[in-house]
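Report on the following structure.
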Amino acid sequence: MKQIRIYTALFFMMVLSSVATAQFVSPVDFMRNNPRSAYANPAFYTSEYGYFDLGLGGINFGVQNIGLKYDKFFRFNEMGQPTVVDLDAGVASLRNTNYLNTYLNFDVFNCGRRTKHGFFTYTHRFREYESLSYNKDLVKLAANGNAAFLGESNPADINIGVSARVYQEFDFGFQMSLTEKLNIGMRLKFLMGFMDAKTNVVNAKLYTDPETYALKLMTQADVTGTLPYQFVMENGKLDIVDRRFNPANLFKNYGGGIDLGAEYKFDEHWGAAAALNDLGFIKWNNYSINFTGELQDNGSFYDHGAFVFSGLTSEQVHGLMNDPNYASAVVDSLMGYFQLTPNNLVSYTTGLNTNLMLRGYYDVTPSNRFSAQFMGYNLGMGMKPALTLAYTGSFANKYDVVATYTMMPGVFDNLGIGLSANFGGLLLYVATNNIFGFTNPANRGLLNAQFGISFTGGEQISRSETIIIRDQESEWDD
Numbered sequence: 009m010k011q012i013r014i015y016t017a018l019f020f021m022m023v024l025s026s027v028a029t030a031q032f033v034s035p036v037d038f039m040r041n042n043p044r045s046a047y048a049n050p051a052f053y054t055s056e057y058g059y060f061d062l063g064l065g066g067i068n069f070g071v072q073n074i075g076l077k078y079d080k081f082f083r084f085n086e087m088g089q090p091t092v093v094d095l096d097a098g099v100a101s102l103r104n105t106n107y108l109n110t111y112l113n114f115d116v117f118n119c120g121r122r123t124k125h126g127f128f129t130y131t132h133r134f135r136e137y138e139s140l141s142y143n144k145d146l147v148k149l150a151a152n153g154n155a156a157f158l159g160e161s162n163p164a165d166i167n168i169g170v171s172a173r174v175y176q177e178f179d180f181g182f183q184m185s186l187t188e189k190l191n192i193g194m195r196l197k198f199l200m201g202f203m204d205a206k207t208n209v210v211n212a213k214l215y216t217d218p219e220t221y222a223l224k225l226m227t228q229a230d231v232t233g234t235l236p237y238q239f240v241m242e243n244g245k246l247d248i249v250d251r252r253f254n255p256a257n258l259f260k261n262y263g264g265g266i267d268l269g270a271e272y273k274f275d276e277h278w279g280a281a282a283a284l285n286d287l288g289f290i291k292w293n294n295y296s297i298n299f300t301g302e303l304q305d306n307g308s309f310y311d312h313g314a315f316v317f318s319g320l321t322s323e324q325v326h327g328l329m330n331d332p333n334y335a336s337a338v339v340d341s342l343m344g345y346f347q348l349t350p351n352n353l354v355s356y357t358t359g360l361n362t363n364l365m366l367r368g369y370y371d372v373t374p375s376n377r378f379s380a381q382f383m384g385y386n387l388g389m390g391m392k393p394a395l396t397l398a399y400t401g402s403f404a405n406k407y408d409v410v411a412t413y414t415m416m417p418g419v420f421d422n423l424g425i426g427l428s429a430n431f432g433g434l435l436l437y438v439a440t441n442n443i444f445g446f447t448n449p450a451n452r453g454l455l456n457a458q459f460g461i462s463f464t465g466g467e468q469i470s471r472s473e474t475i476i477i478r479d480q481e482s483e484w485d486d
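Per our numbering: the sequence shown = residues 9 to 486.
Structure representation (structure tokens):
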């Protein structure tokens, strides 16, 4: 039983400590002289003849916190120091469902090359994401205790959701200008999953008798996942065959995906773009497992599918405080009610975190552009919208200055900034989608940083020139 608890705890620790890779809005997406903008839309025109980077080309990480803000739980003096804990105000500030999302993208290798037919790209990257959801009752119970939930009509109804994934991505992209107005692009992806976890159900209902204050607890859990270790059952115990990290596990659990995009310029000022990214799946068939759990009939505290606790006697309290062996036996006995049963799976399939992008823009001058963009993100727990207003200043075909403002559900202070510069073939860029995230980060809805170094050909070519060259070469071939 102890081994089952240890490995179950290990499973949840890996789930909750993983970082997430949803493609949140970035100022880099709006840069016109940075090939990395094509990750937002594979059709965005790349003016370079070619580029490559290794290891430091693209690093993007961030945290999104929707709901919990620590300053709502305190009252502050004139010096800005917390003086009084205000649990009621803090709980009241929460949403019915709150989220904590984290993500990481790391490019191992990335390159691109122009031909007469268009622009080809190849990228190998690691992607990781995590999305944790929890409802208000969880925090309310922790803050105010079970006295806030009296009677069977007013239970503490706690729901927790987790969706996490770690995988490698190998993508092959191509973009081309069909006309001077229309650009199209596509990326085909070959995926290798490393770890996955998703809660189907994690629920607990706690009832408190308004007269006796006896506690009645009902729980339900159903979690599916894949870990980089093999689990086996021996003599009713769950064990790991080999705890050592095996690099071969990085190249299992295959999947595929696709990104599609288009960009159209109506005239010299107006344009629009659309993209559908991360449409695909991963089939998990390496060390897949499912945990299910319901209350077990393990003694006198069990009553028709519920755990009922009416208090301890003075002798029991004395034993718990003074006899370690007695305390250990009591804990083991109580844990017997709350067991998770492992069920080996042959395989299962999960979809990627698909996102949709729609953008319109207006070029005041060839160097100054204003954009409005809508994106919908699927973080594994439903689609989340984001509306972004952006300014891009592009100068000398080398430099980009970008400022963005993004509105997301529960997060409205997202002022981003990005800088990109090409120094004769050495491209440097840095960006964040919320400059306030680095000041008082525990109180911000979004914290993000993105940076990279790439080597380029040092020369650029406009879209109209590529069409002229392509047409001329086609005529010469004929």
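All residues carry an ideal CB built from backbone N, CA and C; glycine is no exception.
Remember, it's a predicted structure, so these values are computed and weren't measured experimentally.
Whole-Å CB distance - residue i paired with residue j, under 8 Å assumed
{"i": "V410", "j": "A398", "result": "6 Å"}
{"i": "F202", "j": "N257", "result": "7 Å"}
{"i": "L235", "j": "F299", "result": "Their Cβ separation, rounded to whole angstroms, is 11 Å, which puts L235 and F299 out of contact at 8 Å."}
{"i": "A439", "j": "A283", "result": "With 8 Å as the limit, A439 and A283 do not qualify as a contact, their Cβ atoms being about 19 Å apart."}
{"i": "A280", "j": "G269", "result": "Between G269 and A280 the Cβ distance is about 12 Å, and since that is not below 8 Å, they are no contact."}
{"i": "S375", "j": "N41", "result": "With a Cβ gap of about 11 Å, S375 and N41 do not count as contacting."}
{"i": "D204", "j": "T91", "result": "Between T91 and D204 the Cβ distance is about 45 Å, and since that is not below 8 Å, they are no contact."}
{"i": "G75", "j": "L102", "result": "5 Å"}
{"i": "N208", "j": "D230", "result": "4 Å"}
Euclidean distance between Cα positions of residue i and residue j
{"i": "T414", "j": "G426", "result": "14 Å"}
{"i": "R471", "j": "Y53", "result": "7 Å"}
{"i": "A380", "j": "G58", "result": "29 Å"}
{"i": "T396", "j": "R133", "result": "26 Å"}
{"i": "M212", "j": "L342", "result": "It should be noted that the sequence gives Ala, not Met, for residue 212. Answer to the nearest angstrom: the Cα atoms are 16 Å apart."}
{"i": "L360", "j": "F346", "result": "32 Å"}
{"i": "T321", "j": "S171", "result": "42 Å"}
{"i": "Y369", "j": "F239", "result": "53 Å"}
{"i": "V419", "j": "D145", "result": "21 Å"}
{"i": "Y295", "j": "N306", "result": "30 Å"}
{"i": "I290", "j": "M200", "result": "7 Å"}
{"i": "R122", "j": "L366", "result": "26 Å"}
{"i": "Y78", "j": "M194", "result": "43 Å"}
{"i": "H326", "j": "E219", "result": "26 Å"}
{"i": "T362", "j": "F459", "result": "23 Å"}
{"i": "E276", "j": "G98", "result": "51 Å"}
{"i": "D250", "j": "Y237", "result": "7 Å"}
{"i": "L149", "j": "G453", "result": "23 Å"}
{"i": "N430", "j": "T129", "result": "19 Å"}
{"i": "M226", "j": "K206", "result": "21 Å"}
{"i": "D247", "j": "P350", "result": "11 Å"}
{"i": "D165", "j": "L223", "result": "13 Å"}
{"i": "E136", "j": "D217", "result": "44 Å"}
{"i": "L328", "j": "R173", "result": "41 Å"}
{"i": "N330", "j": "E323", "result": "10 Å"}
{"i": "F444", "j": "N451", "result": "10 Å"}
{"i": "M416", "j": "A394", "result": "5 Å"}
Selection from the options that minimises the alpha carbon distance to residue i
{"i": "S139", "options": "N106, N162, S336 and F309", "result": "N106"}
{"i": "L303", "options": "Q228, G153 and F463", "result": "Q228"}
{"i": "S161", "options": "T123, T187 and Y215", "result": "Y215"}
{"i": "E473", "options": "G279, Y175, F84 and T187", "result": "T187"}
{"i": "P50", "options": "L364, F82 and E219", "result": "L364"}
{"i": "I67", "options": "F444, R452 and Y437", "result": "Y437"}
{"i": "T412", "options": "T400, N167, G233 and F117", "result": "T400"}
{"i": "S355", "options": "A394, K260 and E271", "result": "K260"}
{"i": "L62", "options": "F315, I461 and S101", "result": "I461"}
{"i": "T447", "options": "L423, F431, L64 and R135", "result": "L423"}
{"i": "N118", "options": "T131, G432 and F127", "result": "T131"}
{"i": "L287", "options": "N191, F198, A156 and F82", "result": "F198"}
{"i": "Y272", "options": "N191, M39, N152 and Y262", "result": "N191"}
{"i": "K189", "options": "G169, I168, D179 and W278", "result": "W278"}
Start-to-end residues for the alpha helix (DSSP H) that takes in residue i
{"i": "N333", "result": "P332 to M343"}
{"i": "V99", "result": "L95 to A100"}
{"i": "K148", "result": "K144 to N152"}
For residue i, the first and last residue of its enclosing beta strand (DSSP E)
{"i": "A164", "result": "A164 to S185"}
{"i": "V229", "result": "The sequence given here has Ala at residue 229, not Val. Taken as a continuous stretch (DSSP letters only), the beta strand (DSSP E) holding A229 covers L223 to T234."}
{"i": "L348", "result": "L348 to N352"}
{"i": "T105", "result": "T105 to R122"}
{"i": "R195", "result": "L190 to T216"}
{"i": "E302", "result": "S296 to E302"}
{"i": "D421", "result": "V419 to F431"}
{"i": "V33", "result": "Note, V33: premise wrong, no beta strand (DSSP E); not H, not E."}
{"i": "Q72", "result": "I67 to I74"}
{"i": "K291", "result": "W278 to W292"}
{"i": "E271", "result": "Y262 to K273"}
Are the region 55-74 and the region 106-126 touching, with three or more C-beta to C-beta distances below 8 Å? yes
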